[in-house]
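Q:
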Amino acid sequence: MNGQLLKVENLTKHYPLGTGFLNKTVPVVRAVEDVSFSVEAGETLCIVGESGCGKSTVARLLMRLVEPTGGRVLIDGTDIAGLKTHELRASRRRMQMVFQDPYSSLNPRLTAGQIITEPVENFERLSRKQRQALAADLLRKVGMRPGMMHRFPSEFSGGQRQRLGIARALALQPSLIIADEAVSALDVSVQAQILNLLLDLQQEMGLAFVFISHDLGVVEHIGHRVAVMYLGRIVELAPCEALFANPVHPYTEALIAAAPVPDPTRVRLEVPVEGEVPSPVNPPSGCAFHPRCPLAVDRCRIEVPPLVPMADGRVVACHVRAPAADTSGRPVAAASSSLTVG
Ligand SMILES: Nc1ncnc2c1ncn2[C@@H]1O[C@H](COP(=O)(O)OP(=O)(O)O)[C@@H](O)[C@H]1O
Ligand code: SF4
Ligand SMILES: [Mg+2]
Numbered sequence: 001m002n003g004q005l006l007k008v009e010n011l012t013k014h015y016p017l018g019t020g021f022l023n024k025t026v027p028v029v030r031a032v033e034d035v036s037f038s039v040e041a042g043e044t045l046c047i048v049g050e051s052g053c054g055k056s057t058v059a060r061l062l063m064r065l066v067e068p069t070g071g072r073v074l075i076d077g078t079d080i081a082g083l084k085t086h087e088l089r090a091s092r093r094r095m096q097m098v099f100q101d102p103y104s105s106l107n108p109r110l111t112a113g114q115i116i117t118e119p120v121e122n123f124e125r126l127s128r129k130q131r132q133a134l135a136a137d138l139l140r141k142v143g144m145r146p147g148m149m150h151r152f153p154s155e156f157s158g159g160q161r162q163r164l165g166i167a168r169a170l171a172l173q174p175s176l177i178i179a180d181e182a183v184s185a186l187d188v189s190v191q192a193q194i195l196n197l198l199l200d201l202q203q204e205m206g207l208a209f210v211f212i213s214h215d216l217g218v219v220e221h222i223g224h225r226v227a228v229m230y231l232g233r234i235v236e237l238a239p240c241e242a243l244f245a246n247p248v249h250p251y252t253e254a255l256i257a258a259a260p261v262p263d264p265t266r267v268r269l270e271v272p273v274e275g276e277v278p279s280p281v282n283p284p285s286g287c288a289f290h291p292r293c294p295l296a297v298d299r300c301r302i303e304v305p306p307l308v309p310m311a312d313g314r315v316v317a318c319h320v321r322a323p324a325a326d327t328s329g330r331p332v333a334a335a336s337s338s339l340t341v342g
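Residues in the sequence shown are numbered consecutively from 1, following full-length UniProt numbering.
1. Determine the DSSP secondary structure at residue 53, reduced to helix, strand or coil.
2. Can you check the segment 64 to 144 for any beta strand (DSSP E) of at least 3 residues that lies completely inside it and give the ranges in chain order?
3. In terms of DSSP beta bridges, what is residue 281 paired with?
4. Within the continuous beta strand (DSSP E) that includes residue 33, where are the two ends?
5. For residue 176 versus residue 208, is the C-beta spacing smaller than 8 Å?
6. Flag residue 295 as yes when its Cβ comes closer than 7 Å to any non-hydrogen atom of ligand 2, and as no otherwise.
7. Taking any heavy atom of ligand 1 as the mark, which residues have a C-beta closer than 5 Å to it, listed down the chain?
8. Under 8 Å: do the segment 210 to 220 and the segment 38 to 49 share three or more Cβ pairs, one atom per stretch?
9. Tell me whether residue 61 is buried or exposed, calling it buried when 16 or more other Cβ atoms sit within 10 Å of its Cβ.
10. Give me the Cα-Cα distance between residue 183 and residue 190, rounded to the nearest whole angstrom.
11. Quick check on this structure: which residue in 284, 285, 282 and 257 has the alpha carbon closest to the alpha carbon of residue 274?
12. Does the beta carbon of residue 180 fall short of 7 Å from some heavy atom of ligand 3?
13. Regarding residue 228 and ligand 2, is the C-beta to nearest heavy atom distance less than 7 Å?
14. List the residues that DSSP assigns as beta-bridge partners of residue 237.
15. Which partner residues of residue 4 appear in the DSSP bridge assignment?
16. Measure the alpha-carbon distance for residue 285 versus residue 18 and round it to whole angstroms.
17. For residue 54, I'd like the list of residues in its chain whose CB is within less than 7 Å of its CB, leaving aside the five on either flank, ordered along the chain.
18. Within the segment 136 to 204, note down every full beta strand (DSSP E) run reaching 3 residues or more, in order along the chain.
19. Considering just the uninterrupted stretch of the alpha helix (DSSP H) at residue 218, what are its terminal residues?
20. Given a cut-off of 8 Å on the beta-carbon distance, is the pair residue 197 and residue 143 in contact?
21. Between the beta-carbon of residue 222 and the beta-carbon of residue 195, is there less than 8 Å?
22. Can you tell me where the beta strand (DSSP E) with residue 208 in it begins and where it stops?
23. Look at residue 249 and residue 325 and say whether their C-beta atoms are less than 8 Å apart.
24. My assumption, with CB atoms under 8 Å, is that residue 16 sits in contact with residue 281. Please give the rounded CB distance.
25. Pair every Cβ in the segment 71 to 87 with every Cβ in the segment 117 to 133, then say whether three or more of these pairs are closer than 8 Å.
26. Hey, how far is the Cα of residue 140 from the Cα of residue 147?
27. Given this structure, state the Cα-to-Cα distance separating residue 243 from residue 308, to the nearest angstrom.
28. For residue 108, collect the residues of the same chain with a Cβ closer than 8 Å to its Cβ; drop the 5 residues on either side in sequence, then sort them by chain order.
29. Over the uninterrupted alpha helix (DSSP H) stretch that includes residue 256, give me the two end residues.
30. In whole angstroms, what separates the C-alpha of residue 219 from that of residue 241?
31. Taking only the alpha-carbon atoms, compute the straight-line gap between residue 186 and residue 323 and give it to the nearest angstrom.
32. Across which residues does DSSP place residue 47 in a beta bridge pair?
33. In three-state DSSP terms, what is residue 320?
34. Suppose contacts are defined by Cβ-Cβ distances below 8 Å. Is residue 11 in contact with residue 52 by that definition?
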């Protein structure tokens with residue numbers, strides 16, 4: 001790891017629901033609230049959380065497929081909001097995306113070779129020979145035979161199609177790949193193969209990943225650091241091993257406690273904590289986790305807990321488990337004991 005590639009500062013995205021009529025205030029979906037993190041070259045930062053917590057919106061904001069309501073995304077220190085169209089195209093070369101469903105993102109009328117070389121052809125004209133050489137090279141990188149370049153997407157299995165999605169993402173030699181639920185639609189044994197491919201590519205090419213998943217087992221396998229999101233906010237960001245060995249935020253703890261033992265044949269739960277995730281249109285006051293949190297105190301209903309740095313390098317947003325120091329540097333509340341979620 002040698003230097004900061006991506007920096008996200010106070011990123012916020014509110015989606016208005018409908019348009020204002022007669023100056024009525026429009027309700028908004030608070031999809032992402034005040035999210036900050038960074039990714040170093042060669043690093044895997046995982047973003048984990050239940051469905052609807054804002055993971056895909058973060059991915060779209062990073063790729064600038066949607067405009068933020070607030071905050072900044074910097075690539076190699078440059079704010080992507082200020083980029084002109086051609087500069088944005090260049091910055092997109094640095095950052096590529098792999099999607100959950102490779103089938104819907106691969107054009108069924110193009111051959112595998114055409115699909116994976118298309119990103120390069122958007123920048124420069126390739127001769128037939130160059131295209132074939134590039135396609136063969138990319139297919140080999142993702143563990144496929146060059147002869148497969150003449151086949152169509154419908155002739156591949158789900159795992160092979162995801163390999164094509166990865167090959168296409170590699171075509172422009174990016175530094176960072178954003179993978180949004182990239183293995184979630186695959187069988188567990190195929191998931192493991194694709195995760196191992198990503199790990200190999202990272203080793204060979206020094207790639208960084210923002211790896212988004214609702215599945216803690218997958219995250220534990222691939223992550224260097226993990227950001228846990230709840231209702232649009234990061235509630236804990238920690239080195240992967242530390243997070244799994246010793247979760248500090250009550251939500252992280254509940255997620256890990258509810259995740260099944262690492263047995264690839266067992267199904268993981270998508271909603272492991274008791275109670276429904278509240279709506280991001282009208283999120284609970286204070287700490288949004290308070291209606292589901294067995295440790296909640298009065299303050300939790302009133303004040304949003306700030307992300308507080310802990311001694312082991314993690315940050316945690318919890319009034320009880322990670323009390324913010326007052327101006328004298330003393331913690332303002334005592335940390336509480338362990339938690340059971342059932
Ligand atoms: N274009 C949109 N318009 C309105 N609401 C949206 C839009 N995209 C996402 N949302 C809402 O934002 C929240 C976060 O969604 P998303 O980022 O897709 O979550 P995740 O990927 O974690 O499941 C959800 O409540 C979702 O319904
Ligand atoms: S701030 Fe309060 S409600 Fe939120 S996680 Fe901590 S103890 Fe629970
Ligand atoms: Mg999503």
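In this text, a Cβ means the ideal position worked out from N, Cα and C, and glycines have one as well.
A: Considering the structure as presented:
1. Residue mapping note: residue 53 aligns to position 53 of the sequence shown, counting from 1. In the structure shown, residue 53 sits in coil (DSSP, three-state: anything other than H, G, I, E or B).
2. DSSP runs (the beta strand (DSSP E)) wholly in the segment 64 to 144: 70 to 75 and 95 to 98.
3. The residue labelled residue 281 in the question sits at position 281 within the sequence shown. Residue 281 is not bridged to any residue.
4. Counted from its first residue, the sequence shown places residue 33 at position 33. Per DSSP, residue 33 belongs to the beta strand (DSSP E) from 28 to 40.
5. To locate residue 176, count along the sequence shown from 1; it is residue 176. To locate residue 208, count along the sequence shown from 1; it is residue 208. Cβ distance < 8 Å, so residue 176 and residue 208 count as in contact.
6. Residue mapping note: residue 295 aligns to position 295 of the sequence shown, counting from 1. Yes, since a heavy atom of ligand 2 falls inside the 7 Å radius drawn around the Cβ of residue 295.
7. Working through the chain, the matches are 15, 29, 31, 51, 52, 53, 54, 55, 56, 57 and 280.
8. Verdict: yes, contact present.
9. Stepping through the sequence shown from its first residue, residue 61 is reached at position 61. Buried, since its Cβ has 16 or more Cβ neighbours within 10 Å.
10. On the sequence shown, position 183 is the one that residue 183 refers to. On the sequence shown, position 190 is the one that residue 190 refers to. Within the model, the alpha-carbon separation for residue 183 versus residue 190 is close to 8 Å.
11. Residue mapping note: residue 274 aligns to position 274 of the sequence shown, counting from 1. Comparing alpha-carbon positions, the option among 284, 285, 282 and 257 lying closest to residue 274 turns out to be 257.
12. The residue labelled residue 180 in the question sits at position 180 within the sequence shown. At least one heavy atom of ligand 3 is nearer than 7 Å to the Cβ of residue 180, so yes.
13. Stepping through the sequence shown from its first residue, residue 228 is reached at position 228. Distances from the CB of residue 228 to the heavy atoms of ligand 2 are all 7 Å or more.
14. Within the sequence shown, residue 237 is the residue found at index 237, counting from 1. DSSP, once it has assigned bridges, lists 227 and 315 as partnering residue 237.
15. For the purposes of this step, residue 4 is taken as residue 4 along the sequence shown, with counting starting at 1. Residue 4 pairs with 40.
16. On the sequence shown, position 285 is the one that residue 285 refers to. On the sequence shown, position 18 is the one that residue 18 refers to. Inter-residue distance for residue 285 and residue 18 is about 23 Å (C-alpha atoms, whole angstroms).
17. Your numbering for residue 54 matches position 54 in the sequence shown. Once the five neighbours on either side are set aside, the close Cβ partners of residue 54 are 31, 32, 229 and 232.
18. Those beta strand (DSSP E) runs which fall completely within the segment 136 to 204 and span 3+ residues are 176 to 180.
19. Counted from its first residue, the sequence shown places residue 218 at position 218. Here the alpha helix (DSSP H) through residue 218 covers 216 to 222.
20. The residue you call residue 197 lines up with position 197 of the sequence shown. The residue you call residue 143 lines up with position 143 of the sequence shown. Yes, they are a contact pair.
21. On the sequence shown, residue 222 is found 222 positions in, with the first residue counted as 1. On the sequence shown, residue 195 is found 195 positions in, with the first residue counted as 1. Contact: yes.
22. Position 208 of the sequence shown, counted from the start, is the residue given in the question as residue 208. Going by DSSP, residue 208 is part of the beta strand (DSSP E) stretching over 208 to 213.
23. The count along the sequence shown starts at 1 and reaches residue 249 at position 249. The count along the sequence shown starts at 1 and reaches residue 325 at position 325. Cβ distance not < 8 Å, so residue 249 and residue 325 don't count as in contact.
24. Position 16 of the sequence shown, counted from the start, is the residue given in the question as residue 16. Position 281 of the sequence shown, counted from the start, is the residue given in the question as residue 281. In fact, because the Cβ distance is near 11 Å, the residues do not count as touching under 8 Å.
25. Using a Cβ-Cβ distance cut-off of 8 Å, the segment 71 to 87 and the segment 117 to 133 are not in contact, since fewer than three pairs of beta carbons, one from each stretch, lie closer than that value.
26. Here residue 140 corresponds to residue number 140 of the sequence shown, with the count starting at 1. Here residue 147 corresponds to residue number 147 of the sequence shown, with the count starting at 1. When the Cα atoms are used, residue 140 and residue 147 turn out to be separated by approximately 10 Å.
27. Working through the sequence shown from its first residue, we reach residue 243 at position 243. Working through the sequence shown from its first residue, we reach residue 308 at position 308. Their backbone Cα atoms lie some 15 Å apart in a straight line.
28. For the purposes of this step, residue 108 is taken as residue 108 along the sequence shown, with counting starting at 1. Cβ neighbours of residue 108 beyond the five flanking positions: 152, 153 and 154.
29. As a first step, residue 256 must be located in the sequence shown, where it is residue number 256. Start and end: 250 to 258.
30. Here the question's residue 219 lines up with position 219 in the sequence shown. Here the question's residue 241 lines up with position 241 in the sequence shown. Spanning the two alpha carbons is a distance of roughly 11 Å.
31. Numbered from 1 along the sequence shown, position 186 holds the residue referred to as residue 186. Numbered from 1 along the sequence shown, position 323 holds the residue referred to as residue 323. Each residue's alpha carbon lies about 41 Å from the other.
32. As a working note, residue 47 is residue 47 in the sequence shown. In DSSP, residue 47 forms a bridge with 212 and 227.
33. Walking along the sequence shown from the start, residue 320 turns up at place 320. Collapsing the DSSP output to three states places residue 320 in coil.
34. As a working mapping, residue 11 is identified with position 11 in the sequence shown. As a working mapping, residue 52 is identified with position 52 in the sequence shown. Between residue 11 and residue 52, the CB-CB gap reaches or exceeds 8 Å.
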